[in-house]
């Protein structure tokens, strides 16, 4: 048994934030029906290379455990199909702008005509009452993240993955599960207005708090930490290493293991507050020491002193690392069309109700016929809609 067994989710979202949310729900047992445009499907199917069997790696990363149906939402028949799906759904999620949602008949007020108890989650850039489109990259810029990312004298930089989209998807996952619990207790559905902008502001966390409390704008510190020193990347004789000192005990241990007794006794470095105030001086002294040592020597010393540290790995190296295998973070997929694949697994580790991988990421319209049959439509009716272009199907032998 899984936590969300029996929960039906109608997923009208595409790209990353919404699909990431619905994949989390599907991993926890929800029956997620992904609705895609007939002509193209989710646009991320074409975002590549790399591709495998015509499917993009991007699409494969956030669409496992779902069923795909391809429906023309602009058609009268398509609207009828969506209305039937809404009636049986616990959750509806989309990322259309308000005018588009109205035009397609999937606005909150319209959806509630068919299901008063539905949990309705809209994902947008700036909120459900704002007409501006919003992508992750824009949100990193307008939400302050890029101005605190990158080297102090360099350009503002975006994070290497679409982190605002991912955070929004996680917040949506949390909100939907809270709404499901509320519905279980009260019988009432509700509307969830999830904005990328809000998620970006929220994820500024301690940096935002520093600005609000301290009154000064946040600097760009490269690989340094605004509130802790030393807590950053250091160059070594053969590469680089991350060292994170979170308290005075760890700082003392770091100094002792590398023979830096003079640094440990220096009055400028006795507390974290002093170390932050004298950041440049301390980092310069530590850097001179670490540049004389190899990465493995530094990691060994930190391990001996119980000071958190780690090498700086490439993505390929991280995926092939022993810890990745030990934590079962790769999902080995036997796809009926694409063959043997490796994809990233869920990080959710629940002892009594673990994540299950029931379905590989679906082909475009793979489950159209099955879902329409479940809704009670006759085979000849379904076929006529396929012939008309209202539906698309993809036959796969499992």
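In this note's numbering, the protein residues as written are 1 to 398. Beta carbons are placed, not taken as given, at the ideal position from N, Cα and C, and that holds for glycine.
{"query": "Alpha carbon to alpha carbon, what distance is there between residue 196 and residue 132?", "result": "12 Å"}
{"query": "In whole angstroms, what is the alpha-carbon distance linking residue 20 and residue 66?", "result": "11 Å"}
{"query": "Relative to the alpha-carbon of residue 118, which residue among 90, 101 and 126 has its alpha-carbon at the smallest distance?", "result": "90"}
{"query": "Confirm, please, whether the CB-CB distance from residue 27 to residue 394 is below 9 Å.", "result": "no"}
{"query": "Using the beta-carbon count (16 or more within 10 Å), is residue 49 buried or exposed?", "result": "exposed"}
{"query": "Would you check if the distance between the CB atom of residue 92 and the CB atom of residue 121 is smaller than 9 Å?", "result": "yes"}
{"query": "If you follow the alpha helix (DSSP H) that residue 284 is in, where does it begin and where does it stop?", "result": "279-290"}
{"query": "Determine whether the beta carbon atoms of residue 221 and residue 148 lie at a separation below 9 Å.", "result": "yes"}
{"query": "Leaving aside the five residues before and after residue 52 along the sequence, list all residues of the same chain whose C-beta is less than 6 Å from its C-beta, in chain order.", "result": "338"}
{"query": "Within a Cβ cutoff of 8 Å, which residues of the same chain sit near residue 373, ignoring the five residues on either side of it in sequence?", "result": "379 and 382"}
{"query": "Taking the alpha carbon of residue 11 as the point to measure from, which residue in 123, 299, 98 and 209 has its own alpha carbon closest?", "result": "123"}
{"query": "Go ahead and pull the three-state DSSP assignment for residue 121.", "result": "strand"}
{"query": "Rounded to the nearest angstrom, what separates residue 333 and residue 317 at their Cα positions?", "result": "20 Å"}
{"query": "Check for me: the beta strand (DSSP E) holding residue 233 runs from which residue to which?", "result": "231-235"}
{"query": "By how many angstroms is the C-alpha of residue 354 removed from the C-alpha of residue 2?", "result": "7 Å"}
{"query": "Grab the span of the beta strand (DSSP E) containing residue 335 for me, first residue to last.", "result": "330-335"}
{"query": "Going by Cα to Cα distance, which pick from 320, 246 and 100 is closest to residue 273?", "result": "246"}
{"query": "Per DSSP, what are the beta-bridge partners of residue 193 in this structure?", "result": "122"}
{"query": "What does a CB cutoff of less than 6 Å around residue 302 pick up in its chain, not counting 5 residues either side in sequence?", "result": "309"}
{"query": "Can you tell me the Cα-Cα spacing of residue 17 and residue 168, whole angstroms?", "result": "6 Å"}
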